[in-house]
Amino acid sequence: MMKLEAIIQPSRFESVKDALREIGVEGMTVTEVRGHGRQKGHTEVYRGREYTVDLLPKIKLEMVLPDTLVNRVVDTILKSAKTGKIGDGKIFLSRVEEAIRIRNEERGENAL
Amino acid sequence: MQESPTPLSVLGPQADAERQKIRQQFEADTSVRETLQAICELADNHVRQIFGDVLRVQNREADGLCLLALGGYGRRMLFPYSDLDILFLFGSERTEQEFRPLISEFSRTLWDLGFRVSSAGRTIEECKRIEEDNAEFHLALLDRRFLAGDSTLFERLDEKVLPGSEKQARSFLLAQLHRLTRDRLTRYGNTIFHLEPNVKDSPGGMRDYQATIWLRQLAEEKKGIRNITAAEEEMCAAAVDFLSATRCFLHYTNGRNDNTLTYELQEAAAEHALGIGDGVARTPSDWMRQYFRHARTLNRQLLRYLEQKAPVPLTLRQRLLNAARAAKYDVGESKHFHGRDGLLEVTDLSALSDRAITYSLFAESARTGTPLSREAERSIGYVLIHPELPPKNTEMPWEKLREILGSDYPGLALRPMQRLGLLAEVLPEFGLIDSLVVRDFYHRYTVDEHTLRTIEHLQELADPPDERGAHFVQLWKTAERRDLLILALLLHDVGKGMPIENHVTGSLAALDSAARRLKLSPEERAEIQALIEHHLDMSATVQRRDIFDPATVAGFAESVTNQERLQRLCLLTYADIHAVNPEALTPWKAEMLWQLFVATSNYFSRTLDRDRLHAHDEVSLLGRIEAFASRGTTQEIERFLEGFPRRYLAVHSPEEIAAHFGLYRKLSEEPVQTQVAATRHGFALTLLTPDRPALFSTISGVLAGWGMNINKADAFANAAGIILDTFYFTDLHRTLELNPSEIARFRKSLEDVLNGKAALEPLLKGRERSLRGRTPKVTVATHIGFDDSSSAHCTLLEIITQDHPGLLYEMSSALARLGCNIEVALIDTEGHKAIDVFYLTAQGKKLTAQKQELLREVLQGTLG
Numbered sequence: 001m002m003k004l005e006a007i008i009q010p011s012r013f014e015s016v017k018d019a020l021r022e023i024g025v026e027g028m029t030v031t032e033v034r035g036h037g038r039q040k041g042h043t044e045v046y047r048g049r050e051y052t053v054d055l056l057p058k059i060k061l062e063m064v065l066p067d068t069l070v071n072r073v074v075d076t077i078l079k080s081a082k083t084g085k086i087g088d089g090k091i092f093l094s095r096v097e098e099a100i101r102i103r104n105e106e107r108g109e110n111a112l
Numbered sequence: 001m002q003e004s005p006t007p008l009s010v011l012g013p014q015a016d017a018e019r020q021k022i023r024q025q026f027e028a029d030t031s032v033r034e035t036l037q038a039i040c041e042l043a044d045n046h047v048r049q050i051f052g053d054v055l056r057v058q059n060r061e062a063d064g065l066c067l068l069a070l071g072g073y074g075r076r077m078l079f080p081y082s083d084l085d086i087l088f089l090f091g092s093e094r095t096e097q098e099f100r101p102l103i104s105e106f107s108r109t110l111w112d113l114g115f116r117v118s119s120a121g122r123t124i125e126e127c128k129r130i131e132e133d134n135a136e137f138h139l140a141l142l143d144r145r146f147l148a149g150d151s152t153l154f155e156r157l158d159e160k161v162l163p164g165s166e167k168q169a170r171s172f173l174l175a176q177l178h179r180l181t182r183d184r185l186t187r188y189g190n191t192i193f194h195l196e197p198n199v200k201d202s203p204g205g206m207r208d209y210q211a212t213i214w215l216r217q218l219a220e221e222k223k224g225i226r227n228i229t230a231a232e233e234e235m236c237a238a239a240v241d242f243l244s245a246t247r248c249f250l251h252y253t254n255g256r257n258d259n260t261l262t263y264e265l266q267e268a269a270a271e272h273a274l275g276i277g278d279g280v281a282r283t284p285s286d287w288m289r290q291y292f293r294h295a296r297t298l299n300r301q302l303l304r305y306l307e308q309k310a311p312v313p314l315t316l317r318q319r320l321l322n323a324a325r326a327a328k329y330d331v332g333e334s335k336h337f338h339g340r341d342g343l344l345e346v347t348d349l350s351a352l353s354d355r356a357i358t359y360s361l362f363a364e365s366a367r368t369g370t371p372l373s374r375e376a377e378r379s380i381g382y383v384l385i386h387p388e389l390p391p392k393n394t395e396m397p398w399e400k401l402r403e404i405l406g407s408d409y410p411g412l413a414l415r416p417m418q419r420l421g422l423l424a425e426v427l428p429e430f431g432l433i434d435s436l437v438v439r440d441f442y443h444r445y446t447v448d449e450h451t452l453r454t455i456e457h458l459q460e461l462a463d464p465p466d467e468r469g470a471h472f473v474q475l476w477k478t479a480e481r482r483d484l485l486i487l488a489l490l491l492h493d494v495g496k497g498m499p500i501e502n503h504v505t506g507s508l509a510a511l512d513s514a515a516r517r518l519k520l521s522p523e524e525r526a527e528i529q530a531l532i533e534h535h536l537d538m539s540a541t542v543q544r545r546d547i548f549d550p551a552t553v554a555g556f557a558e559s560v561t562n563q564e565r566l567q568r569l570c571l572l573t574y575a576d577i578h579a580v581n582p583e584a585l586t587p588w589k590a591e592m593l594w595q596l597f598v599a600t601s602n603y604f605s606r607t608l609d610r611d612r613l614h615a616h617d618e619v620s621l622l623g624r625i626e627a628f629a630s631r632g633t634t635q636e637i638e639r640f641l642e643g644f645p646r647r648y649l650a651v652h653s654p655e656e657i658a659a660h661f662g663l664y665r666k667l668s669e670e671p672v673q674t675q676v677a678a679t680r681h682g683f684a685l686t687l688l689t690p691d692r693p694a695l696f697s698t699i700s701g702v703l704a705g706w707g708m709n710i711n712k713a714d715a716f717a718n719a720a721g722i723i724l725d726t727f728y729f730t731d732l733h734r735t736l737e738l739n740p741s742e743i744a745r746f747r748k749s750l751e752d753v754l755n756g757k758a759a760l761e762p763l764l765k766g767r768e769r770s771l772r773g774r775t776p777k778v779t780v781a782t783h784i785g786f787d788d789s790s791s792a793h794c795t796l797l798e799i800i801t802q803d804h805p806g807l808l809y810e811m812s813s814a815l816a817r818l819g820c821n822i823e824v825a826l827i828d829t830e831g832h833k834a835i836d837v838f839y840l841t842a843q844g845k846k847l848t849a850q851k852q853e854l855l856r857e858v859l860q861g862t863l864g
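Chains as they are written, first to last, in this note's numbering: chain R, 1 to 112; chain W, 1 to 864.
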């Protein structure tokens, strides 16, 4: 099992969610986050006051996937989240040792 | 020989069979009162039997020990899976030690029989002391009932010990009860209108009833509180029966002490017409309306008792707030109501049959931020349901409704109006969403509650409770025509109460009927329509579009069309998200919303000259202006309008434009046409004339010379070079206000200066000292910015600086001296801050870099 974390543009979230649903991925954790990588923030002036947005709004998706599904999900996110502009985000993958469903204590991929 | 106790193997099945029988009878329509009574008797019988059994087994008498039922069990309101609250009362510490093994055995046996015992033990001495950290225990003790054991011990406690200690601790217990109740109500957002309410703990639930009983016991009803009427008692009893039946049903269905009325269980309850008794199945939403009606009765009763006697002294902040409200309230204004302790009270009950007076009371509440007392609300409710007081002036005219909606605290009036059913009377469309449950994963409240919360979140912006509102404070303070925004909010979700797929379509249909009835002007109706139509757009743009992409901002700005609407839409969106549930408006979303607002607002002020009117295409607008204009042909109106920035339409109504056109037609007789009118906050000067050098600065100079402080101004030019300037100013010395004849002299003075018949300098000379006289209370740093990219033909100059009388003259005359022509100007103030945008040209072109530098130096020198 792999844990996938994807940081994406908020504006791409609906498309990514729909695309994942199409390939059968429904479960995910979604968090509103702020941050920046190479994309820097920008400054807007309103009524003489500067509003600097140095931490840009992003959406973080987290999901744990069976190994067989990982590549498909990564491809789907890449296709649906990409605009080609700086700030499109990143995907991180890490190995997961175990998953346990609290309701019935199922373990492993069955618990996903 | 000792009699052996009945074995558990016999008692257990017996208890289960009896429980089953009670449940079957409840399900076969036995009244809930009988059901609760039966459950309580079952528990009492087993408690007594087991207690007797363990005494016999241990060969003891009960001297020095008795058992008391407390709380709901004490009141004989025991629900199927409720805990048995039992107090073991000991005569002394010694008996407590002696009986300890017996009590363990007793409790264990009851548990084994399926009774959940929640017990406490106290000696009679301990009961004399008030445990300050355990007010709940003392409150539960108010419902004490003898169960078993040493009855003389109970009598001592009940007749000798507790009456004295309870009297002594009354104020402490009252304060604690207030605190516990307020905390509970706050935990549930202070509303009964939850989509999946908890019938025990939510506002309007059984705990409200229990707390009311305790308050009545503690507050010594005869001394402090007006008795409730028989009709109120009856409503309350019906509400208790309904909620009790619901709670019983939940316990039985869930098989545990779970009091959440989930969507699934709402359906089942509606199917069985639970608590209604006629056996006719209801839709879940109809049944929930019944639920909320009863919950409202219990909650209203509780709040009334909570308000009767505040046991805790008011905080300094509360006292200051009350004093501030009292200062706003003019007692002389009405003999029918008055302010007391920060609340509005009714003085003359009989006057309330005149609805005009009742509506004035609401308007006063909304204007001053003074809530109605519960007693005042009750008085209005009393008059509403008593036919011997026939109502007069029942229709609320739009002017009065506007007054309420456009005030600083509209929610303070709308909330009690809704509770009393007056809101649905004034705005029947709102009745469609009364107590309406619409199921989704995000909303926590019924549709009407959500709607009222949107309005309350806006009025909270006067003093926002957390950082999420910080950006929006100024937007709320400076929003014009807030009445239109609030009416849009009241109607925005009304379509959810209609059997149609898209609720926005329904809400717009509701607006149609409301607009006709209230006789809204076409412009008012159009503005509300746009707000309802687009009420989801800003939220959707924030969440689904890249708001840092200029194309997104441009597209959004086009759909919004103007700055004023943007401001209202932003406030509406802020409130709409906020009222979904307490966590829906995250700081993240609030920031995104603000960023979109800022970007769009800047887009409007930087692209003002791009979007010009082509009057020939504006058929309906031309028609509306023609309807107001007394003379002139359509072609003439077209010529007048041609080339004005589209913003001109956003800031002036067709009626005003028709008046401008009237001035335009007179230009051939007199080249400078002026009009001065009083406004809510001062005066408005409209001036029409062919363009000429230094026009804007000359007008500003005359206004400064007359001691007028300009708060806001627009300067527009049409394709034929006719300038239309509007200045909104305050009359610092009240010259025009106190001497209306001076208005004519002021206009003549202005026209003479512009026509070269009089000089400006003598006018200004007398004012020079006063123009810069006072030291400002708040310092604003000067910001001067140029933008060459936003407009195709002009250089934009944005100046933010400390406001003072004569400022606009100083700036505009500096621009005129350097040969800059003002094509468009937007002048605004925000407290002590002047915020001005000028679209400038020099000899018909954008300003060169050198000119910009020179201008910056000159302005910095002038403004400091």
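In this text, a Cβ means the ideal position worked out from N, Cα and C, and glycines have one as well.
For a Cβ distance threshold of 8 angstroms, residue set T586, W588 and K589 of chain W lies close to E32 (chain R), ordered along the chain. Here T679 (chain W) has Y728 as same chain residues with Cβ atoms under 7 angstroms from its own Cβ, once five neighbours each way along the sequence are excluded. When secondary structure is reduced to three states using DSSP, E131 (chain W) falls in the coil class, being assigned neither helix nor strand. R624 (chain W) has no beta-bridge partner at all, per DSSP.
According to the DSSP assignment, C570 (chain W) belongs to the alpha helix (DSSP H) that extends over Q563 to H578. Residues A470, F472 and V473 of the same chain have their beta carbon placed closer than 8 angstroms to that of P464 (chain W), with the five preceding and five following residues left out of the count. For the region 243 to 293 of chain W, the continuous alpha helix (DSSP H) assignments of 4+ residues that do not extend past its boundaries occur at 263 to 271, in sequence order.
Rounded to whole angstroms, A239 (chain W) and Q290 (chain W) show a C-alpha spacing of 9 angstroms. According to the DSSP assignment, L55 (chain W) belongs to the alpha helix (DSSP H) that extends over V32 to V57.
Per the C-alpha coordinates, the member of W:A554, W:F696 and W:L566 positioned closest to T607 (chain W) is W:A554. Minimum Cα-Cα distance from E456 (chain W) among the listed residues W:Y409, W:K496, W:V437 and W:L432 corresponds to W:Y409. Inclusion of L695 (chain W) and I723 (chain W) in the CB contact set at 8 angstroms is warranted, their separation being smaller than that value. At a cut-off of 4 residues, the continuous stretches assigned as alpha helix (DSSP H) that sit fully inside the region 372 to 452 of chain W are 374 to 385, 398 to 405, 410 to 419 and 422 to 426. With contacts defined as CB atoms closer than 8 angstroms, A816 (chain W) and V858 (chain W) fail to qualify as a contacting pair. For T686 (chain W), the enclosing beta strand (DSSP E) stretches over residues F683 to P690.
Residues of chain W with a Cβ closer than 7 angstroms to the Cβ of S11 (chain R) are, in chain order, R544, R545 and D546. Where D537 (chain W) is concerned, there is no enclosing beta strand (DSSP E), although the alpha helix (DSSP H) around it starts and stops at D537 to R544. Between D576 (chain W) and H534 (chain W), the C-beta gap is not smaller than 8 angstroms, which leaves the two residues out of contact. Residue burial annotation: N718 (chain W) is buried, with at least 16 other C-beta atoms found within 10 angstroms of its C-beta. Excluding its 5 nearest sequence neighbours in each direction, L685 (chain W) has C-beta neighbours in its own chain below 6 angstroms: V676 and F727, listed in chain order. Within the region 226 to 254 of chain W, no residue has its Cβ closer than 9 angstroms to any Cβ of chain R.
The DSSP-derived three-state label of K845 (chain W) is strand. Neighbourhood of M592 (chain W) in chain R, by CB distance below 7 angstroms: P57, in chain order. Taking 8 angstroms as the CB threshold, Q802 (chain W) stays off the interface with chain R. Taking C-beta atoms as the reference points, I130 (chain W) and P80 (chain W) fail to come closer than 8 angstroms.
Taking C-beta separations shorter than 6 angstroms and ignoring five residues to either side along the sequence, the partners of E403 (chain W) in its chain run A363, following chain order. Proximity of Q418 (chain W) to chain R, defined by a Cβ-Cβ separation below 8 angstroms, is not satisfied. Distance from the CA atom of F115 (chain W) to the CA atom of D83 (chain W), rounded to whole angstroms, is 7 angstroms. Annotated three-state conformation of H138 (chain W) is helix, per DSSP. Here A713 (chain W) has F727 and I827 as same chain residues with Cβ atoms under 6 angstroms from its own Cβ, once five neighbours each way along the sequence are excluded. Residue pairing by DSSP places S119 (chain W) opposite W:I86 in a beta bridge. Its chain contains T674 and V676 as the residues whose beta carbon lies nearer than 7 angstroms to that of R747 (chain W), once the 5 sequence neighbours on both sides are disregarded; these appear in chain order. Under the Cβ distance rule, Q595 (chain W) counts among the residues neighbouring chain R, one pair being separated by less than 8 angstroms.
In the three-state scheme derived from DSSP, where H, G and I count as helix and E and B as strand, A744 (chain W) is classed as helix. Rounded to the nearest angstrom, the Cβ distance from K589 (chain W) to V542 (chain W) is 7 angstroms, consistent with a contact under 8 angstroms. Only those residues of the region 12 to 27 of chain R whose C-beta falls short of 8 angstroms from the nearest C-beta of chain W are listed: F13 and E14.
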